[in-house]
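The structure under discussion appears below in the form of structure tokens.
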Amino acid sequence: MTGQLGDAALTSEELYAALDLCVSCKACKRECPTGVDMAKMKIEFLAHYRSAHGTSLRDRIVAALPRLAYWAGPLRRLANLRDAIPGLAHATERASGFTARRALPRWHAHPFRGRSAGGRAPHGQVVLFVDTFNRYFEADVARAAERVLIAAGYAPVYVRAQDGARPLCCGRTYLTKGDVDAARAEAQRTLDALEPYARRGLPIVGLEPSCLLTLRDEFGSLIPGPATELVAAQALLFEEFVARELDAGRWEPPLRTVAQHALVHGHCHQKAFGAMPAVMRALRAIPGLDAQAVESSCCGMAGMFGYEREHYDVSMRMAERDLLPAVRAVSEATLIVADGMSCKHQIEHGADRRPLHVAEVYAALLA
149 MTGQLGDAAL
159 TSEELYAALD
169 LCVSCKACKR
179 ECPTGVDMAK
189 MKIEFLAHYR
199 SAHGTSLRDR
209 IVAALPRLAY
219 WAGPLRRLAN
229 LRDAIPGLAH
239 ATERASGFTA
249 RRALPRWHAH
259 PFRGRSAGGR
269 APHGQVVLFV
279 DTFNRYFEAD
289 VARAAERVLI
299 AAGYAPVYVR
309 AQDGARPLCC
319 GRTYLTKGDV
329 DAARAEAQRT
339 LDALEPYARR
349 GLPIVGLEPS
359 CLLTLRDEFG
369 SLIPGPATEL
379 VAAQALLFEE
389 FVARELDAGR
399 WEPPLRTVAQ
409 HALVHGHCHQ
419 KAFGAMPAVM
429 RALRAIPGLD
439 AQAVESSCCG
449 MAGMFGYERE
459 HYDVSMRMAE
469 RDLLPAVRAV
479 SEATLIVADG
489 MSCKHQIEHG
499 ADRRPLHVAE
509 VYAALLA
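Residue numbers (the working numbering): 149 to 515.
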């Protein structure tokens with residue numbers, strides 16, 4: 149910006165190398181005294197860099213995941229063969245750029261297809277914003293959230309795009325690869341669909357931290373204006389919604405009492421946006437559950453970062469600093485809780501423990 153790196157600074161290989169290990173955790177946004185958001189600066193740089201140098205096949209696949217997921221159909225099951233057939237991951241590593249040392253996320257056999265609840269509910273309607281990851285990979289999380297909301301007296305509503313085609317998407321995958329134009333198109337499509345519900349005062353409840361919080365953060369940069377502000381004001385993580393309803397005295401799902409410990413790993417964006425108190429409040433509202441947070445930094449996955457061949461070793465070193473040793477140190481009876489899909493995969497890969505989303509914890513304890 150100051151010109152010290154020359155006219156080609158925003159397309160240079162040197163700046164690409166300097167930003168290569170920024171995992172967009174947004175800790176800088178929260179911890180820097182001036183609130184510098186390096187994650188947004190990296191997006192802007194990548195947009196310039198890709199325009200000059202093009203985009204790799206791997207990055208195009210990752211960016212277009214929301215569209216590919218919808219159109220892939222039966223091919224999603226074929227994609228799971230990559231880690232089921234011995235040697236196939238190694239055979240495709242060079243061409244794909246995805247490390248063979250880690251299994252890729254498995255496509256769910258039954259993607260989530262929610263139907264808005266009919267009739268009246270004691271506490272009214274709630275828009276359940278199901279992102280691409282929880283729709284096609286972690287569909288059990290979306291189903292758990294649906295069950296819990298209904299049991300607690302709310303009617304989940306599922307919003308479709310105005311064109312009636314593929315499901316809504318926050319555009320996060322496009323942003324991570326610098327495709328700002330495609331991300332803006334996804335954001336506009338989502339805003340157009342959600343704004344009428346936000347005007348009615350309905351809370352918009354999301355499950356994947358990076359996706360839901362995109363509505364509160366990057367949407368404001370992509371499409372500034374009253375509609376964006378309105379939707380952002382109504383957008384809540386599942387745990388934030390639970391904490392809000394607890395404060396209002398409305399959150400009373402029928403739960404069994406347990407005598408159990410839970411170890412909680414916070415997603416980077418939950419930490420950056422101050423959502424961790426709500427996560428802990430939601431868990432500690434479960435009768436008998438003793439929840440403690442892991443004092444850790446980024447798990448090392450950072451979306452697709454940990455799946456990329458050149459970043460695998462760094463990813464694992466990040467996880468081994470605090471997170472994985474903490475998980476290995478607790479008993480098998482301790483619940484491991486993590487909301488982020490990539491966080492869960494890192495824990496499962498590095499510590500052989502299957503973490504649960506907060507919504508899954510609630511669903512498992514419904515009376």
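Where is the CB? At the ideal position from N, CA and C, for every residue including glycine.
Through-space distance from residue j to residue i, alpha-carbon basis
i, j, result
"Val278", "Ser264", "12 Å"
"Glu286", "Gly451", "14 Å"
"Thr280", "Gly202", "25 Å"
"Leu403", "His196", "51 Å"
"Val475", "Val307", "37 Å"
"His415", "Leu252", "19 Å"
"Asp311", "Asp340", "10 Å"
"Ala248", "Leu167", "24 Å"
"Arg206", "Tyr455", "11 Å"
"Gln494", "Gly151", "40 Å"
"Tyr510", "Glu192", "39 Å"
"Gly373", "Leu158", "28 Å"
"Ala211", "Ala410", "34 Å"
"Cys317", "Ala217", "11 Å"
"Gly221", "Pro315", "14 Å"
"Ala486", "Ala420", "15 Å"
"Asp380", "Ala257", "According to the sequence displayed, residue 380 carries Ala and not Asp. For Ala380 and Ala257, the distance between alpha carbons rounds to 32 Å."
"Leu194", "Gln336", "21 Å"
"Met189", "Leu378", "25 Å"
"Arg254", "Ala313", "24 Å"
"Ala330", "Thr321", "10 Å"
"Val328", "Gly368", "13 Å"
"Tyr460", "Thr324", "17 Å"
"Leu483", "Gly267", "35 Å"
"Gly301", "Ala515", "14 Å"
"Ala237", "Met466", "23 Å"
"Tyr164", "Gly397", "50 Å"
"Pro473", "Pro503", "15 Å"
"Val462", "Arg250", "13 Å"
"Glu480", "Leu513", "18 Å"
CB contact check: residue i to chain C, cutoff 8 Å
i, result
"Leu403", "In the structure shown, chain C does not exist; there is a single protein chain."
Nearest-angstrom beta carbon gap, residue j and residue i [assumed within contact, 8 Å]
i, j, result
"Glu294", "Gly326", "At roughly 34 Å, the Cβ-Cβ gap does not stay under 8 Å, so Glu294 and Gly326 are not in contact."
"His417", "Ser444", "Not a contact, Cβ separation roughly 14 Å."
"Tyr284", "Pro304", "Not confirmed; about 18 Å, so no contact."
"Glu508", "Ala292", "5 Å"
"Pro204", "Gly245", "Going by the sequence as given, residue 204 is Ser instead of Pro. With a Cβ gap of about 7 Å, Ser204 and Gly245 count as contacting."
"Leu394", "Gly354", "Rounded, the Cβ-Cβ distance is 18 Å, inconsistent with contact."
"Val478", "Ile434", "The pair is not a contact, with the Cβ atoms about 18 Å apart (cut-off 8 Å)."
"Val296", "Pro214", "So it is not a contact: roughly 25 Å between Cβ atoms."
"Ala273", "Leu153", "The question names Ala, yet the displayed sequence has Gln at residue 273. Not really, about 52 Å apart at Cβ, beyond 8 Å."
"Ile352", "Ala375", "About 13 Å separates the two Cβ atoms, so there is no contact after all."
"Met489", "Glu356", "6 Å"
"Val275", "His505", "About 18 Å; that fails the 8 Å criterion."
"Leu437", "Gln408", "6 Å"
"Ala439", "Arg432", "5 Å"
Where the beta strand (DSSP E) through residue i begins and ends
i, result
"Leu276", "273-277"
"Ile484", "483-486"
"Leu384", "383-385"
Delimiting residues of the alpha helix (DSSP H) encompassing residue i
i, result
"Asp438", "Element bounds for Asp438: not the alpha helix (DSSP H) but the beta strand (DSSP E), 437-441."
"Ala507", "506-512"
"Glu366", "366-370"
"Ser199", "186-201"
"His238", "236-244"
"Met489", "489-499"
"Thr182", "Segment: none, Thr182 is in no alpha helix (DSSP H) and carries neither H nor E."
"Val210", "205-211"
"Thr280", "280-284"
"Arg251", "The question names Arg, but residue 251 is Ala in the sequence shown. Counting along the chain, Ala251 falls outside any alpha helix (DSSP H), and DSSP gives it neither H nor E."
"Arg225", "223-227"
"Leu163", "161-167"
> Considering only residues of the stretch 288-352, which uninterrupted beta strand (DSSP E) runs meet the minimum length of 3 residues and lie entirely inside it, listed in chain order?
Replying inline: Runs of the beta strand (DSSP E) lying entirely within the stretch 288-352, each at least 3 residues long, are 303-305 in chain order.
> Is it true that the stretch 384-391 meets the stretch 436-450, where meeting means three or more beta-carbon pairs spaced less than 8 Å apart?
Replying inline: By the criterion of at least three beta-carbon pairs nearer than 8 Å, the stretch 384-391 is not in contact with the stretch 436-450.
>> Does the structure place the stretch 173-192 close enough to the stretch 235-245 that three or more beta carbon pairs sit under 8 Å?
In response: Touching, no, given that fewer than three Cβ pairs across the two stretches are closer than 8 Å.
>> Tell me whether the stretch 344-360 and the stretch 220-235 touch, counting them as touching only if at least three CB pairs, one residue from each stretch, are closer than 8 Å.
In response: Contact between the stretch 344-360 and the stretch 220-235 is not established, with fewer than three Cβ pairs separated by less than 8 Å.
> Taking the runs of the beta strand (DSSP E) that are 3 residues or longer, which of them lie wholly in the stretch 402-474?
Replying inline: Listed in chain order, they are 408-413, 437-441.
> When the Cβ atoms of the stretch 423-440 are set against those of the stretch 452-471, are three or more pairs found closer than 8 Å?
Replying inline: Counting Cβ pairs under 8 Å, fewer than three are found: no touch.
> Hey, is the stretch 181-195 in contact with the stretch 428-443, meaning 3+ C-beta pairs nearer than 8 Å?
Replying inline: With the cut-off at 8 Å, the stretch 181-195 and the stretch 428-443 do not touch.
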